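Asker: Can you keep this structure in mind? I'll have questions shortly.
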Amino acid sequence: MNRGYWVNVIQVSGGVVLGQLIGIVGFLLLTWVYRPSEFGVYASWLSLVAIGSTLSTGALETSLVRDSDGGVRRNAAAKIVWTALLGAALFAAVCGLGLSRFPDFLPGSRALVAISIGVAVFSLASNMVMQSWAAAEGLFRPLTLLRIAQSSLTMFVPLALSAVGRTSSLLVWGHTLGLIVTLALWLAVFPRAELGSVRPGSLRGFWSERIRCFIYVLPALSIGTLAANLPQLAVNWRFGVEAAGHLALAQRVLGAPLSLIGIAVRDVFKRYASVAFRDRGECVREYWSSFAVLAAVAVAFGLVMYAFSEPLFVLVFGEQWRFAGQMARWLLPMFVMAIVASPLTYLVYIVEREEFDLYWQSVLLPVVGTSLIAFAGIETTLKVFAFSYVAMYAVYVFACARFARGHNAALGTS
């Protein structure tokens, strides 16, 4: 692995670490201000926004890594932003209709909740497109700085609004405003003229050219996003908003290492692995170097959290969050495995094996869904859910190791 690879990993991870630390501090302050029940509503809203942002882009941003640098990739990114706008409007309309049937799921004005979902989905989706564009272009400095900005704004704007009131609505709108400001900052980096040059009639041809994204990638990412957010939605539905609030904090803390180093390794890995794959037809060195770093982080984090999760949550967040510390231990195996697996899964897009991701996600969703509804108690439910994910991640890591060897490396052959 050349020296430049790890220089970029350090550069990106440094910014991600800072951004994530800001987010963790902000989250800590929010737990001192808002009750677990308010967090439960907020986290359920966030889950819907995450699902909507995945659907609204059609997963087209994953194709940017295969475009040539410069104008071709910029034009493609602009078209994906317009796609996200259309998708966000449709998703908000569907959510508005759904909330009319389940008004207690997200309390408040149905119209205002639907509008907040639509605005947040478009802003988050567009930010995702900008990040994919910057990573593919090798623009690691703005990528790092604007990730820090997004982490800061989506935490500290809701915190500032707590001076007005301490309701879930202010959490929701504060987060939305943070996403909007982040998108405005991205538009200072991305050539805005490119967005204005997109003709509505050109979108259909663009979508046709990248039909594989709709056939393979979008279903896979949608299922994956649904599976990732299903625990939050299911716990809210089955055990109430307070339990959902505890789960939100547990997942936020356990997900910190994945955000701290996993995203940074993923961004640099997909840049270097894509170049290696184009030049050499394989990216084995890039895959295993990244795997080694991620595995070391995962093992260290797992040992510490297994020993100290519950007292750590009480010490840092307060006695009212003790149950979140218990949940963290139940979910720990899944997050340890995710630290290793998640950053490396982008390999399937580089080697154009999107169909494997679709098959994997298609198995994952019923496995996860069953684990969340088949058991009566919340402890058993979350433990079975976590170990189901561990098994599925192991399959993915093995498959990606084979794919890294090149187009001719089938799963069952040498």
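Residue numbers (the working numbering): 5 to 418. For every residue, glycine included, the Cβ atom is placed at its ideal position computed from N, Cα and C. Please read these numbers as outputs of a predicted model, since none were measured by experiment.
Which whole-angstrom value is the C-beta distance of residue 1 and residue 115, which I expect to be below 8 angstroms?
Answerer: Since the first and last residues shown for the chain are 5 and 418, residue 1 lies out of range.
Asker: Taking the alpha helix (DSSP H) that residue 152 belongs to, which residues open and close that run?
Answerer: Element bounds for residue 152: 144–165.
Asker: Going straight from the alpha carbon of residue 297 to that of residue 243, what length do you get?
Answerer: C-alpha separation (whole angstroms): 38 angstroms.
Asker: Run the CB neighbour count on residue 74, radius 10 Å, all protein chains shown included, and call it buried at 16 or more, exposed below.
Answerer: Exposed: under 16 other Cβ atoms inside 10 Å.
Asker: Which residues in the same chain as residue 193 place their Cβ atom closer than 6 angstroms to its Cβ, once the five residues preceding and following it in sequence are excluded?
Answerer: Taken in chain order, the residues that qualify are 146.
Asker: What are the boundary residues of the alpha helix (DSSP H) that residue 398 is part of?
Answerer: Segment 382–407, the alpha helix (DSSP H) holding residue 398.
Asker: With a Cβ-Cβ cutoff of 7 angstroms, do residue 190 and residue 150 count as a contact?
Answerer: Yes, these two residues count as a Cβ contact at 7 angstroms.
Asker: What does a CB cutoff of less than 6 angstroms around residue 66 pick up in its chain, not counting 5 residues either side in sequence?
Answerer: Result list for residue 66: 221, 353, in chain order.
Asker: Check each candidate in 349, 407, 324 and name the one with the smallest Cα separation from residue 32.
Answerer: Nearest C-alpha to residue 32: 324.
Asker: At 4 residues or longer, and completely inside the stretch 187–214: list those alpha helix (DSSP H) runs for me, N to C.
Answerer: Listed in chain order, they are 196–200, 206–213.
Asker: Could you check which residue in 101, 198, 62, 169 has the C-alpha nearest to that of residue 79?
Answerer: The shortest C-alpha separation from residue 79 is found at 198.
Asker: Roughly how many whole angstroms lie between the Cα atoms of residue 29 and residue 51?
Answerer: In a straight line, the C-alpha of residue 29 is about 21 angstroms away from that of residue 51.
Asker: Quick check on this structure: which residue in 22, 26, 40 has the alpha carbon closest to the alpha carbon of residue 251?
Answerer: Closest by alpha carbon: 40.
Asker: Please classify residue 217: does DSSP put it in a helix, a strand, or coil?
Answerer: Helix, per DSSP.
Asker: Is the beta carbon of residue 68 sitting closer than 7 angstroms to the one on residue 77?
Answerer: Yes, the pair counts as a contact, with Cβ atoms nearer than the cut-off.
Asker: Measuring straight from C-alpha to C-alpha, what distance separates residue 344 and residue 300?
Answerer: C-alpha separation (whole angstroms): 9 angstroms.
Asker: I need the straight-line Cα distance from residue 405 to residue 133, nearest angstrom please.
Answerer: One C-alpha to the other measures close to 27 angstroms.
Asker: Just to confirm, is the Cβ distance from residue 58 to residue 321 under 7 angstroms?
Answerer: No; because the gap between Cβ atoms is not below 7 angstroms, this pair is not in contact.
Asker: Going straight from the alpha carbon of residue 4 to that of residue 235, what length do you get?
Answerer: One cannot answer for residue 4 here, as it falls past the ends of the chain, which runs 5 to 418.
Asker: Please determine, among 38, 338, 104, 230, the residue with the shortest C-alpha to C-alpha distance to residue 303.
Answerer: Looking at the Cα atoms, 338 is the closest of the given residues.
Asker: Mapping DSSP to helix, strand and coil, what is residue 31?
Answerer: Residue 31: helix per DSSP, three-state reduction.
Asker: For residue 403, count neighbouring Cβ atoms within 10 angstroms of its own Cβ and tell me buried if that reaches 16, exposed if not.
Answerer: Buried, because 16 or more other Cβ atoms sit within 10 Å of the Cβ of residue 403.
Asker: Below 6 angstroms CB to CB, which residues in the same chain sit around residue 63 once its five sequence neighbours on both sides are set aside?
Answerer: 217, 221, 222, 225, listed in sequence order.
Asker: Helix or strand or just coil, what does DSSP make of residue 171?
Answerer: Coil.
Asker: Return the residue from the list 94, 22, 100 that minimises the CA-CA distance to residue 49.
Answerer: Residue 49 has its Cα closest to that of 100, out of 94, 22, 100.
Asker: Taking the straight line between their C-alpha atoms, what separation do you get for residue 181 and residue 271?
Answerer: Rounded to the nearest angstrom, the two C-alpha atoms are 26 angstroms apart.
Asker: Which residue spans inside the stretch 63–117 form an unbroken alpha helix (DSSP H) run of at least 4?
Answerer: Counting only runs of 4 or more, we get 75–105.
Asker: Given residue 326, which residues of its chain have a CB within under 8 angstroms of its CB, disregarding the five upstream and five downstream residues?
Answerer: Taken in chain order, the residues that qualify are 314, 317, 318.
Asker: Do you know how far the Cα of residue 399 is from the Cα of residue 288?
Answerer: Near 18 angstroms, if we compare the C-alpha coordinates of residue 399 and residue 288.
Asker: Could you give the uninterrupted runs of the alpha helix (DSSP H) lying entirely in the stretch 283–362, keeping only those of 4 residues or more?
Answerer: Runs of the alpha helix (DSSP H) inside the stretch 283–362: 288–321, 326–348, 351–354.
Asker: Closest by CA to residue 228, which one among 390, 84, 362?
Answerer: Per the Cα distances, 362.
Asker: Taking its Cβ as the centre, do 16 or more other Cβ atoms sit within 10 Å of residue 239, making it buried, or is it exposed?
Answerer: Its Cβ being crowded by 16 or more others within 10 Å, residue 239 is buried.
Asker: Assuming residue 232 and residue 331 are in contact, meaning their beta carbons sit under 8 angstroms apart, how far apart are those beta carbons, in whole angstroms?
Answerer: So it is not a contact: roughly 16 angstroms between Cβ atoms.
Asker: Could you check how far apart the C-beta atoms of residue 397 and residue 348 are, in whole angstroms? I think they sit under 8 angstroms.
Answerer: 10 angstroms between Cβ atoms; not a contact.
Asker: Could you tell me if residue 310 is buried or exposed, where buried requires 16 or more neighbouring beta carbons within 10 angstroms of its beta carbon?
Answerer: That one is exposed.
Asker: What runs of the alpha helix (DSSP H), each 4 residues or longer, lie entirely inside the stretch 219–257?
Answerer: The qualifying runs are 222–243.
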